[in-house]
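Chain order of the listed sequences is U and H.
Mapping to numbering that gives the first Met the number 0: the first sequence position 44 is 43, numbers consecutive.
Mapping to numbering that gives the first Met the number 0: the second sequence position 191 is 190, numbers consecutive.
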Amino acid sequence: MQMLLALIIGLVLFFIMGLASRAVMRTLAPSHLMPTFRDMPLTASFGIAVILIYLVVSLLAPVLAPFGESEVVGGQYLPWASPYHLGTDKLGRDMLTRLVYGARNTVGIAFATTALAFGVGTILGIWAALVGGWLDQTLSRMVDALMSIPALIFSLLLLTIFGTSVLSLILVIAAVDATRVYRLARSVAQGIVVMDYIEAARLRGEGMWRLIWREILPNAMAPLVAEFGLRFCFVFLAISALSFLGLGIKPPTADWGSMVRENATLITFGDVTPLLPAGAIALLTVAVNFVVDWQLHRASGLKE
Amino acid sequence: MDKQSLLSIRGLRIEGRSGDAWHEIVKGVDLSLNKGEVLGLIGESGAGKSTIGLAAMGFARDGCRISGGSINFDGIDLRAVPEAERRALRGKRIAYVAQSAAASFNPAHKLIDQYCEGPVVHGVMPREKAEADAVELYRRMRLPNSEEIGFRYPHQVSGGQLQRAMTAMAMSCRPDLIIFDEPTTALDVTTQIEVLAAIRDIVRQFGTAAIYITHDLAVVAQMADRIKVLLRGDEVEEADTRSMLAAPREEYTRSLWAVRSFARAEQPPATGTPVVSVRGVTAGYGAVDVLKDVSFDVHARRTVAVVGESGSGKSTTARVITGLLVPWKGEVLFNGKALPPSFKARSRAELRQCQMIYQMADTALNPKLRLRELIGRPAEMYLGLKGKALDARIRDLLALIELEPDKYIDRLPEELSGGQKQRIGIARALAAEPQLIICDEVTSALDQIVQEGILKLLDRLQSELNLAYMFITHDLATVKAIADEVVVMQQGVVVERGPKTELFGRPHESYTDLLLSSVPEMDPDWLTRLLASRGEHA
Numbered sequence: 000m001q002m003l004l005a006l007i008i009g010l011v012l013f014f015i016m017g018l019a020s021r022a023v024m025r026t027l028a029p030s031h032l033m034p035t036f037r038d039m040p041l042t043a044s045f046g047i048a049v050i051l052i053y054l055v056v057s058l059l060a061p062v063l064a065p066f067g068e069s070e071v072v073g074g075q076y077l078p079w080a081s082p083y084h085l086g087t088d089k090l091g092r093d094m095l096t097r098l099v100y101g102a103r104n105t106v107g108i109a110f111a112t113t114a115l116a117f118g119v120g121t122i123l124g125i126w127a128a129l130v131g132g133w134l135d136q137t138l139s140r141m142v143d144a145l146m147s148i149p150a151l152i153f154s155l156l157l158l159t160i161f162g163t164s165v166l167s168l169i170l171v172i173a174a175v176d177a178t179r180v181y182r183l184a185r186s187v188a189q190g191i192v193v194m195d196y197i198e199a200a201r202l203r204g205e206g207m208w209r210l211i212w213r214e215i216l217p218n219a220m221a222p223l224v225a226e227f228g229l230r231f232c233f234v235f236l237a238i239s240a241l242s243f244l245g246l247g248i249k250p251p252t253a254d255w256g257s258m259v260r261e262n263a264t265l266i267t268f269g270d271v272t273p274l275l276p277a278g279a280i281a282l283l284t285v286a287v288n289f290v291v292d293w294q295l296h297r298a299s300g301l302k303e
Numbered sequence: 000m001d002k003q004s005l006l007s008i009r010g011l012r013i014e015g016r017s018g019d020a021w022h023e024i025v026k027g028v029d030l031s032l033n034k035g036e037v038l039g040l041i042g043e044s045g046a047g048k049s050t051i052g053l054a055a056m057g058f059a060r061d062g063c064r065i066s067g068g069s070i071n072f073d074g075i076d077l078r079a080v081p082e083a084e085r086r087a088l089r090g091k092r093i094a095y096v097a098q099s100a101a102a103s104f105n106p107a108h109k110l111i112d113q114y115c116e117g118p119v120v121h122g123v124m125p126r127e128k129a130e131a132d133a134v135e136l137y138r139r140m141r142l143p144n145s146e147e148i149g150f151r152y153p154h155q156v157s158g159g160q161l162q163r164a165m166t167a168m169a170m171s172c173r174p175d176l177i178i179f180d181e182p183t184t185a186l187d188v189t190t191q192i193e194v195l196a197a198i199r200d201i202v203r204q205f206g207t208a209a210i211y212i213t214h215d216l217a218v219v220a221q222m223a224d225r226i227k228v229l230l231r232g233d234e235v236e237e238a239d240t241r242s243m244l245a246a247p248r249e250e251y252t253r254s255l256w257a258v259r260s261f262a263r264a265e266q267p268p269a270t271g272t273p274v275v276s277v278r279g280v281t282a283g284y285g286a287v288d289v290l291k292d293v294s295f296d297v298h299a300r301r302t303v304a305v306v307g308e309s310g311s312g313k314s315t316t317a318r319v320i321t322g323l324l325v326p327w328k329g330e331v332l333f334n335g336k337a338l339p340p341s342f343k344a345r346s347r348a349e350l351r352q353c354q355m356i357y358q359m360a361d362t363a364l365n366p367k368l369r370l371r372e373l374i375g376r377p378a379e380m381y382l383g384l385k386g387k388a389l390d391a392r393i394r395d396l397l398a399l400i401e402l403e404p405d406k407y408i409d410r411l412p413e414e415l416s417g418g419q420k421q422r423i424g425i426a427r428a429l430a431a432e433p434q435l436i437i438c439d440e441v442t443s444a445l446d447q448i449v450q451e452g453i454l455k456l457l458d459r460l461q462s463e464l465n466l467a468y469m470f471i472t473h474d475l476a477t478v479k480a481i482a483d484e485v486v487v488m489q490q491g492v493v494v495e496r497g498p499k500t501e502l503f504g505r506p507h508e509s510y511t512d513l514l515l516s517s518v519p520e521m522d523p524d525w526l527t528r529l530l531a532s533r534g535e536h537a
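Right under this line is the structure:
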């Protein structure tokens, strides 16, 4: 019964958020972008609304959170009651506060990592496809070599060498992910560089950067955007796996992945608290993929 | 001949879907066909020719629906009977030959297996008999090695042979009606003749009725007993082939006829230093030499047409001039000065002087850039225009190619028609203010009225802007219309070159002769005469 109720409430929330955010965007959108937002599906507007909420929460974390990030406020595993609306964790820190700060850390790191991986992977991949020859061979074989090492072991290795600061975490995961993006970008670009308009641009004497940025990238966007949605979700997994091994985000910094692990014992007692950070990750990935699907639909020319 | 009616279509309406709305693409067309008769359907692209052809089988493509009218095939109402009954007719009593045989054959099966499928499935004859029949029909279609050609895969035979094999396949159940949808459009003129002759013979031998769809008037004149002209889903007029050729009634039909009559004014022989001079170029890919000692000149304000079949090295010559292919021997002079062989070594000023217009405007324009950037980029790059000056230049160029600047400047290529895209290709070349423009089969993907518009535009621009054109084409009608000088190529060698009037006027090299005589003429007896003169057919 409770499950059914939760499901109904969830669906109602989904529709309300979707409709409301679409209405807002339609009012606020500048007129030349109007067609884009007019035909936006409900899922996409819901996704955008969720992402915006996450952004606001992570930016305003110190204001929104009732307590300090690593402040011990009471006993262990307190139940859901005021002033600890979502209870406390195994060290007696406020769960709601940790969730709010976790948004900042986890989402921030995941986004920075994915963006970096895509920036590097895409540009190198297109460059290799464009130049071809020895450059393509060198880069591709290096990437092959990197990809042949299991990702987790490789990141463990790099993190032990470079230490476990947040910056090195971002760089290491980005480096590992960039190899996958490189592969994709290269194969997509290889289909594009043989087109007449690329030949025309080369004959015009265009520089490498312009060829990559204006001539090839816009045409390679569809598969890359789809891959972005997928990779973004995998980065959460990678971070929590590394945190579990003690090489990810260091305590007492709040991180959703580690929060699930730390409080996992509560599940045995029928308490859903440890599932809240997992739910937060799930909601965000669903939201991101809704938006990505919408963009993909538009980019692939399957208009309206 | 039996004058019994076979197919009768009354008030046919077909709708196509775009987005959520349905709009009519065929607007109430009547069509009737007697047994053994050949009807030509002709019109520009978008006229609804193919849609009507498919409707004659009671079929509508995905995204289309037949919304009104009746289709009566030999007493059967194709719209009323269930789908199973229509399917029993298709292939057995009504057959279809598609434009691209290469795309329509299944590449994974041998020709003869695909031939036998129809007769066996429809229960017309058993497999062994069908195989023997296939060989017989291949022989009648004058395919070489008719005994064994059926055991090859589609990629192992040439395009013209494939088109004939497909016609043989359509004949396999001895249908009452065959629909030919532009069967020779993708072929060279010399191959086209063989296919046309074979199709015409076999249709006559078996007394099969046919609907022949094409945009090429000269072709339809050889094939059809009657011609129906279509425009945007409506009938313009219908008449006997001979009377329509002699005296078209409607203005639109006359304009179709007039296309072939465009010819530019005779130019005096050029003097002075040629803009581009190709000197003894030998080039190729890998170990294969595609060009052997090719030389010719292009002068300012003159058009040099480079003519030949596919594979004769026309486009490779263009690649050498633009610097995409470094020749093994020989050089390219620009205004008397040698150009660096690779485009990478050329300066911007040198690159600017030589621009290219491609055959397929679809692949030659970046689909994600707006016209403003497509046209504006060369002007920005070579002439350093910015801001207001650039905007004004883009608008000038759009006006020059006869597109309304305010309406088009922010469009994407996909929002243009085929002819408009090709105009953008021209504008992009002009934006660099070059001396030479290489036109690589620029009109061959367009239908005739649009072609004429493009040719007239190029001609006007040439005299206004002092351009030199190198015009690569396999279409001799285009050559007759626009060229001053002609270079005929065969297998990488320049067979003959000279001023147009001289080349077309005097007896020439046998290959040039073959090419010239293969161009269909607007005379219903042309094919018969030609075949008789070549002694290929009694």
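Glycine residues also receive a C-beta, built at the ideal position from the N, C-alpha and C atoms.
Given the structure is predicted, the values throughout are model-derived calculations rather than measurements.
Under the three-state reduction of DSSP output, residue 186/U falls in the helix class. In this structure, the CA atom of residue 273/U is about 7 Å from the CA atom of residue 266/U. Secondary structure of residue 94/U (DSSP, three-state): helix. Excluding its 5 nearest sequence neighbours in each direction, residue 460/H has C-beta neighbours in its own chain below 8 Å: 399, 425, 429 and 466, listed in chain order. Taking a 10 Å sphere around the C-beta of residue 140/U, we find fewer than 16 other C-beta atoms and assign the residue as exposed.
Cβ neighbours of residue 69/U within its own chain (closer than 6 Å, five residues either side excluded): 251. Distances from the alpha-carbon of residue 266/H to those of 299/H, 416/H and 335/H put 299/H closest. Exclusion of the five residues before and after residue 294/U leaves 224 as the residues of its chain whose Cβ lies within less than 7 Å of its Cβ. By the criterion of a C-beta distance shorter than 6 Å, residue 245/U is surrounded by no residue of its chain, once the five residues flanking it on both sides are discounted. Listed by position along chain H, the residues whose Cβ is nearer than 8 Å to that of residue 199/U are 355, 357, 363 and 427.
Across the set 379/H, 485/H, 116/H and 491/H, the C-alpha of 491/H shows the shortest separation from the C-alpha of residue 314/H.
Among the residues facing chain H, residue 203/U is included, as its CB has a counterpart in that chain under 7 Å away. Residue 372/H holds the alpha-carbon nearest to the alpha-carbon of residue 409/H among 377/H, 378/H and 372/H.
Under the DSSP definition of a beta bridge, residue 112/U lacks any partner. Taking every protein chain shown into account, the CB of residue 62/H has fewer than 16 other CB atoms within 10 angstroms, so this residue is exposed. Under the three-state reduction of DSSP, residue 498/H is assigned to strand. In the displayed model, residue 232/U falls within a helix according to three-state DSSP. Pairing residue 14/U with residue 152/H, the inter-Cα distance amounts to about 56 Å. Annotated three-state conformation of residue 212/H is strand, per DSSP. Around residue 37/U, the same chain offers no residue with a beta carbon nearer than 6 Å, after the five sequence neighbours per side are excluded. Using a CB distance cut-off of 7 Å, residue 326/H does not count as an interface residue toward chain U. The DSSP assignment places complete beta strand (DSSP E) segments of no fewer than 3 residues inside the segment 409–481 of chain H at 435–439 and 467–472, in order along the chain. For residue 333/H, the enclosing beta strand (DSSP E) stretches over residues 328–333.
Where residue 147/H is concerned, there is no enclosing alpha helix (DSSP H), because DSSP gives it neither an H nor an E. Between the alpha carbons of residue 305/H and residue 286/U lies a distance of about 58 Å. Taking C-beta atoms as the reference points, residue 253/U and residue 101/U count as a pair closer than 7 Å.
DSSP links residue 72/H through a beta bridge to 6/H and 75/H. Burial state of residue 5/H is buried, judged by a 10 Å Cβ sphere holding 16 or more other Cβ atoms.
The three-state reading of DSSP puts residue 294/U in helix, counting H, G and I together.
Not flagged as an interface residue toward chain U: residue 333/H, since no C-beta distance is shorter than 7 Å. The Cβ neighbour count for residue 222/H, taken over all protein chains shown within 10 Å, is at least 16; the residue is labelled buried. Taken in chain order, the complete beta strand (DSSP E) segments of 3 residues or longer contained in the segment 353–395 of chain H are 353–356. Cβ proximity to chain U below 7 Å picks out 377 and 380 from the segment 376–405 of chain H. Counting only residues of its own chain and dropping the five nearest sequence neighbours on each side, residue 253/H has a CB closer than 8 Å to the CB of 247.
Contact between the segment 207–219 of chain U and the segment 120–127 of chain U is present, with at least three C-beta pairs closer than 8 Å.
The shortest C-alpha to C-alpha distance from residue 347/H to any of 206/U, 242/U and 215/U is the one to 206/U.
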